[in-house]
Amino acid sequence: MWPGERRRWPARVVLGLGVLLLLASFLVGSARGAYAISPLQLWAVLGDVLGGVVPSSPEHLVFMNIRLPRLLLGVAAGAALGLSGALMQGLFRNPLADPGLIGISSGAALAAGTTIVLGSLWFPDMPRTLGSWTLVLTAFAGSLGVTLLVYTLAQQDGATRVGLMLLAGIAINALAGAGLGYLTFLATDEQLRNIQFWLLGSLGGARWSAVLLVFSIVGVSVGVGLTLARPLNAIALGEAQAALLGVPVERIKRSAVLVTALAVGAVTATTGIIGFIGLMAPHCVRLVAGPDHRIVLPGSALLGAALVLAADSVARTVVQPAELPLGVLTAFVGVPFFLLLLRHFRSRL
Numbered sequence: 006m007w008p009g010e011r012r013r014w015p016a017r018v019v020l021g022l023g024v025l026l027l028l029a030s031f032l033v034g035s036a037r038g039a040y041a042i043s044p045l046q047l048w049a050v051l052g053d054v055l056g057g058v059v060p061s062s063p064e065h066l067v068f069m070n071i072r073l074p075r076l077l078l079g080v081a082a083g084a085a086l087g088l089s090g091a092l093m094q095g096l097f098r099n100p101l102a103d104p105g106l107i108g109i110s111s112g113a114a115l116a117a118g119t120t121i122v123l124g125s126l127w128f129p130d131m132p133r134t135l136g137s138w139t140l141v142l143t144a145f146a147g148s149l150g151v152t153l154l155v156y157t158l159a160q161q162d163g164a165t166r167v168g169l170m171l172l173a174g175i176a177i178n179a180l181a182g183a184g185l186g187y188l189t190f191l192a193t194d195e196q197l198r199n200i201q202f203w204l205l206g207s208l209g210g211a212r213w214s215a216v217l218l219v220f221s222i223v224g225v226s227v228g229v230g231l232t233l234a235r236p237l238n239a240i241a242l243g244e245a246q247a248a249l250l251g252v253p254v255e256r257i258k259r260s261a262v263l264v265t266a267l268a269v270g271a272v273t274a275t276t277g278i279i280g281f282i283g284l285m286a287p288h289c290v291r292l293v294a295g296p297d298h299r300i301v302l303p304g305s306a307l308l309g310a311a312l313v314l315a316a317d318s319v320a321r322t323v324v325q326p327a328e329l330p331l332g333v334l335t336a337f338v339g340v341p342f343f344l345l346l347l348r349h350f351r352s353r354l
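Position one of the sequence shown corresponds to residue 6 (the numbering used here), numbered consecutively onward.
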């Protein structure tokens, strides 16, 4: 039994509140930053954007060229992490699960670190061919490759064993951590700094081309992920019972893993590692809405997006003129939250 089942809020209330939180976080993030934009200025800029006007005021340039792509990337990142966390918790039937369990983030991190440190030796022509996309594409390929490896290792007698997937993910995460440790040993000071900035996570590298690509991948992933709500409700009763109800359990497992790999892989390759959103958002939604994945999945996507935007607003302003890495801030909040979850569920672990 999930916590909070006895005090459910109606679906329309939960999802409506998620939309309001996302809008509020978006507006606050639009106004706050090194260059503050007042509410009246923001309203004028939004009116110009919606009206197709192309003014050259500082507020408009800051919003369109810096602030808006960053906010949209934050929405995509939060939605991907929140939805993927809910999928993994439903798949593993454990509220402590998150996308990192199957090695997506660690695979992207290892591929990115390898590119930063050894890319000039192993792939000297890649930067000239791919340009600034080199790190993004290699990290994305690394996340998908590790996910495929974990999924393959979890196969037994033609079925996907969730327990084996968890153990394989833990092993691959440890191996990736060792690989990153070796790369940091080999890295120069500049390379080491680049690795650390990538591992700490940030929306600061947002640009329109990357935003459009990530939004497309995340949009398709979220659309497919939402269709898994009813099958995941059946799987929550047990895989055998779900199969008796006509649910194609193996296909649902593959779909959940694929959606998570694509969404989180695309986000991690662009922003670096942003931890604990996939753990916090689904659990918060489940506390007020109950375990129904028809509410938990879209609610987690909305809340995840709102949390990332809110955290990014704080990260941009709390240590001005510097910027606090987003992954550091989410970890500061997420680790105590995770410990509270451990305390709540310690009798079942």
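For each residue, glycine too, the CB sits at the ideal point set by N, CA and C.
Quick caveat: nothing in here was measured; it's all calculated off a predicted structure.
TODO: Less than 8 Å between the CB atoms is what I'm expecting for residue 355 and residue 71, so what's the real figure, rounded?
DONE: Residue 355 lies beyond the residue range present for the chain, which begins at 6 and ends at 354; the question has no answer from this structure.
Task: Whole-angstrom C-beta distance between residue 261 and residue 233, which should lie under 8 Å - done: 6 Å
Open item on the list: On the criterion of 16 or more Cβ atoms from any shown chain inside 10 Å, does residue 62 qualify as buried, or is it exposed?
Closed with: exposed
Open item on the list: Between 41, 78, 81, 107, which has its C-alpha nearest residue 92's C-alpha?
Closed with: 107
Open item on the list: Rounded to whole angstroms, what is the Cα-Cα separation between residue 227 and residue 248?
Closed with: 24 Å
- [ ] Closer than 6 Å by C-beta to residue 181: which residues in its own chain qualify, once you throw out the five before and the five after it? Chain order, please.
- [x] 111, 115
Open item on the list: Are the CB atoms of residue 265 and residue 89 within a distance shorter than 8 Å?
Closed with: yes
Task: Rounded straight-line distance, which links the Cα of residue 252 to that of residue 206 - done: 38 Å
Task: Residues near residue 221 in its chain [Cβ-Cβ closer than 6 Å; skip 5 each side] - done: none
- [ ] For residue 164, write down the residues that DSSP places opposite it in a beta bridge.
- [x] 161
Open item on the list: Could you check whether residue 282 and residue 16 sit closer than 8 Å to each other, using their CB atoms as the reference points?
Closed with: no
Open item on the list: Quick check on the burial criterion: 16 or more other C-beta atoms within 10 angstroms. Buried or exposed for residue 203?
Closed with: buried
- [ ] Can you tell me which of the three DSSP states residue 70 falls into?
- [x] helix
Task: Distance between beta carbons of residue 81 and residue 223, contact taken as under 8 Å - done: 4 Å
Open item on the list: Please return the same chain residues whose Cβ sits closer than 8 Å to the Cβ of residue 328, not counting the five positions on each side in sequence.
Closed with: 207, 209, 320, 321
Open item on the list: Tell me which residue opens and which closes the alpha helix (DSSP H) that residue 235 is part of.
Closed with: 234-240
- [ ] Would you mind sorting residue 64 into buried or exposed? The rule is 16 or more other CB atoms within 10 Å of its CB.
- [x] buried
Task: Classification of residue 187 by the beta-carbon crowding that lies within 10 angstroms, buried from 16 upward - done: exposed
Task: the region 40-55 contacting the region 195-202, beta-carbon criterion three pairs below 8 Å - done: no
- [ ] Taking all protein chains shown into account, decide if residue 23 is buried (16 or more other Cβ within 10 angstroms of its Cβ) or exposed.
- [x] buried
Open item on the list: If the criterion is Cβ atoms closer than 8 Å, does the pair residue 147 and residue 192 meet it?
Closed with: no
Open item on the list: Between which residues of its own chain and residue 43 is the CB-CB distance below 8 Å, once the five residues before and five after are set aside?
Closed with: 36
- [ ] Go through its chain and collect everything with a Cβ distance to residue 20's Cβ below 8 Å, but skip five positions before and after it.
- [x] 300, 303, 304, 307
TODO: At 4 residues or longer, and completely inside the region 273-328: list those alpha helix (DSSP H) runs for me, N to C.
DONE: 282-294, 298-322
Task: Distance between beta carbons of residue 159 and residue 310, contact taken as under 8 Å - done: Not quite, the Cβ-Cβ distance comes to about 30 Å (not below 8 Å), so this is no contact.
Open item on the list: Distance check for residue 240 and residue 67, CA to CA, integer angstroms please.
Closed with: 47 Å
- [ ] Using only alpha-carbon positions, find the residue among 161, 152, 296 that is nearest to residue 178.
- [x] 152
Task: Residue range of the unbroken alpha helix (DSSP H) whose run includes residue 199 - done: 194-205
Open item on the list: At the level of alpha carbons, what is the spacing between residue 289 and residue 140?
Closed with: 33 Å
Task: Given residue 28 as reference, the closest of 41, 50, 98, 77 once Cα atoms are compared - done: 77
Open item on the list: Can you list, in chain order, the residues of its chain with a C-beta nearer than 6 Å to that of residue 38? Leave out the 5 residues immediately preceding and following it.
Closed with: 321
Open item on the list: Just to confirm before moving on: does the CB-CB distance between residue 103 and residue 284 stay below 8 Å?
Closed with: yes
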